[in-house]
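A.B. asks: If you scroll down you'll find the structure; I have some questions about it.
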Amino acid sequence: MPKTTLKISEFRAGQLKRVELEGKGVLVAKVGGNFYAIGDKCTHRGCSLSNGTLEGTIVTCACHGSKFDITNGKVVVWVGGRPLLGTITSFMKKDEPVYQVTVKGNEITISD
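Residue numbering for the sequence shown follows the numbering used here, beginning at -4 and increasing consecutively.
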């Protein structure tokens, strides 16, 4: 099973961090003392979600405003503020993959 290990000290609350797992970008965030990991590639146009913003558990893509829940990868808002673009690209609307996060001691392990 592919995995990557990080130090807890590398994170602060609300920070978005991109890591690689078997050539795939994974977004890792610490929210309320818990760590979550979802795909880092926005399902709309492929922009890196790690360049976006995090409010609570919602990650907003910097490119077109799509929003994803970091706890489960679900699409919360599709192409925010652009209803016509959202309608045209609705066939692309997909949830982000979710990765397993294990915390042991001072390390976080992200796995497929």
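The beta-carbon is built from N, C-alpha and C at its ideal position, and this holds for glycine as well.
#1: For V96 versus I103, is the C-beta distance shorter than 8 Å?
#2: Of the choices I65, K89 and H59, whose alpha-carbon is the least far from that of L49?
#3: Name the one or two DSSP bridge partners that R13 has.
#4: Determine the direct distance from the alpha carbon of C37 to that of I53, and round the result to whole angstroms.
#5: Specify, as a first and last residue, the run of the beta strand (DSSP E) that N29 falls within.
#6: Mind checking A32: buried by the 16 CB within 10 Å criterion, or exposed?
#7: When you compare each of V98, E91 and G75 to K25 by their alpha carbons, which one comes out closest?
#8: Under 7 Å Cβ to Cβ from V71, same chain only, skipping five residues before and after it: list those, please.
C.D. replies: Looking at the coordinates:
#1: Yes. Within cutoff.
#2: When the alpha-carbon of L49 is set against those of I65, K89 and H59, the nearest one is in I65.
#3: For R13, which the question treats as bridged, DSSP gives the partners L22.
#4: Whole-angstrom Cα-Cα distance: 13 Å.
#5: N29 to G34 is the span of the beta strand (DSSP E), which, as asked, contains N29.
#6: Counting Cβ neighbours within 10 Å, A32 comes out buried, since at least 16 surround it.
#7: The shortest Cα separation from K25 among V98, E91 and G75 belongs to V98.
#8: Within the same chain, Cβ atoms closer than 7 Å to the Cβ of V71 are found at I53, K62, F63 and D64, the five residues on either side in sequence being excluded.
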